Amino acid sequence: MSEWRGGISVFIEQDNGELERASLEILTRAGELGRKFGEEVLGILLGHEVGNLVKESSRYGADKLIVVDHPDLRHYNSDAYTEVMAYLINKYRPRYLLLPATRNSRDLAGRLAVRFRTCLSAHVIMVDIDEKDRKLVTAVPGFGGNIVATVVCTGGKPEMATVSPGTYEARPSDKEASIIMESVPEDLIRKRRIELVEKKTSPMPDLSRAEKVVVAGGLGTGGVIWN
405 MSEWRGGISV FIEQDNGELE RASLEILTRA GELGRKFGEE VLGILLGHEV
455 GNLVKESSRY GADKLIVVDH PDLRHYNSDA YTEVMAYLIN KYRPRYLLLP
505 ATRNSRDLAG RLAVRFRTCL SAHVIMVDID EKDRKLVTAV PGFGGNIVAT
555 VVCTGGKPEM ATVSPGTYEA RPSDKEASII MESVPEDLIR KRRIELVEKK
605 TSPMPDLSRA EKVVVAGGLG TGGVIWN
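Position in the sequence shown (first residue = 1) + 404 = the numbering used here.
Structure representation (structure tokens):
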């Protein structure tokens with residue numbers, strides 16, 4: 405197998421044509437690191453009929469945007485997404501892989517870390533690269549938020565992290581990424597089918613993006629206030 409070529413890859417999460425904005429936040433940060441360290445930035449988008457998402461994702465700092473379009477990738481599917489991502493990682497051999505710390509991407513990140521026997525920093529609130537040895541450096545908050553640990557990836561490739569939503573600001577770049585439409589072996593997807601029976605969207609706001617979360621409790625009362 406070929407050596408790891410370097411580069412920063414970012415998994416761009418979508419579900420049924422809805423883009424997870426945290427992916428663009430991470431792309432923006434990856435673009436900054438790519439320019440600083442001379443690393444190519446690859447965005448990876450899996451889905452179906454995602455032309456509008458391709459255009460949107462191409463404007464946030466990636467040098468190249470790899471797209472796999474297939475009907476069975478419209479919705480997140482643990483097995484199929486893991487197989488397709490593993491295929492792309494083995495083909496492009498990036499040194500770093502960043503994903504949003506969302507439910508689906510956390511599931512995918514854990515599976516890929518086991519597959520490649522590599523390190524994975526979870527729910528990080530800072531992503532950087534060490535100038536001396538080019539190791540991935542992240543900051544992970546402790547429970548309660550009073551302690552922040554600096555974590556350095558010391559073994560395995562790609563060096564991975566899931567980044568908490570809202571950690572960075574998504575800012576459009578002056579350039580657009582070049583688009584690479586990838587095809588993968590059909591059996592990677594077809595033998596792992598998923599049928600959507602019903603999908604419901606919760607009316608609750610996304611608390612991960614709230615600036616403040618106030619929890620009130622007492623005898624006969626309780627609730628959550630967000631703003």
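By construction, the Cβ of each residue, glycine as well, lies at the ideal position given by its N, Cα and C atoms.
Please read all numbers here as calculations on a predicted model, not as lab measurements.
Let me make sure I understand the geometry here. Which of the options has the alpha-carbon closest to that of residue i?
i: residue 413; options: 566, 571, 425, 578; result: 566
i: residue 442; options: 533, 575, 524; result: 533
i: residue 554; options: 521, 562, 539, 561; result: 539
i: residue 407; options: 481, 497, 584, 508; result: 497
i: residue 594; options: 458, 483, 463; result: 483
i: residue 577; options: 411, 459, 535, 503; result: 459
Could you check what DSSP says for residue i in three-state terms: helix, strand or coil?
i: residue 547; result: coil
i: residue 582; result: strand
i: residue 588; result: coil
i: residue 432; result: helix
i: residue 421; result: coil
i: residue 518; result: helix
i: residue 573; result: coil
i: residue 427; result: helix
i: residue 445; result: strand
Quick one: measure Cβ to Cβ for residue i and residue j, integer angstroms, because I've assumed they're closer than 8 angstroms.
i: residue 426; j: residue 447; result: Going by Cβ atoms, the distance from residue 426 to residue 447 rounds to 13 angstroms, so no, they are not a contact pair.
i: residue 572; j: residue 433; result: 4 angstroms
i: residue 468; j: residue 581; result: 6 angstroms
i: residue 489; j: residue 524; result: Their Cβ separation, rounded to whole angstroms, is 13 angstroms, which puts residue 489 and residue 524 out of contact at 8 angstroms.
i: residue 531; j: residue 568; result: Not confirmed; about 10 angstroms, so no contact.
i: residue 551; j: residue 471; result: About 40 angstroms separates the two Cβ atoms, so there is no contact after all.
Cβ contact check for the stretch 421 to 433 and the stretch 445 to 456: 3 or more pairs under 8 angstroms: Result yes; three or more Cβ-Cβ pairs closer than 8 angstroms.
Taking 8 angstroms as the threshold, find out whether the stretch 539 to 546 comes into contact with the stretch 510 to 522 through three or more Cβ pairs. The stretch 539 to 546, when compared against the stretch 510 to 522, does not touch it at the 8 angstroms Cβ threshold.
Note down, one range per segment and in chain order, each beta strand (DSSP E) of at least 3 residues found wholly within the stretch 468 to 544. Fully enclosed beta strand (DSSP E) runs of no fewer than 3 residues occupy 468 to 473, 500 to 504, 524 to 528, 530 to 533 of the stretch 468 to 544, in order along the chain.
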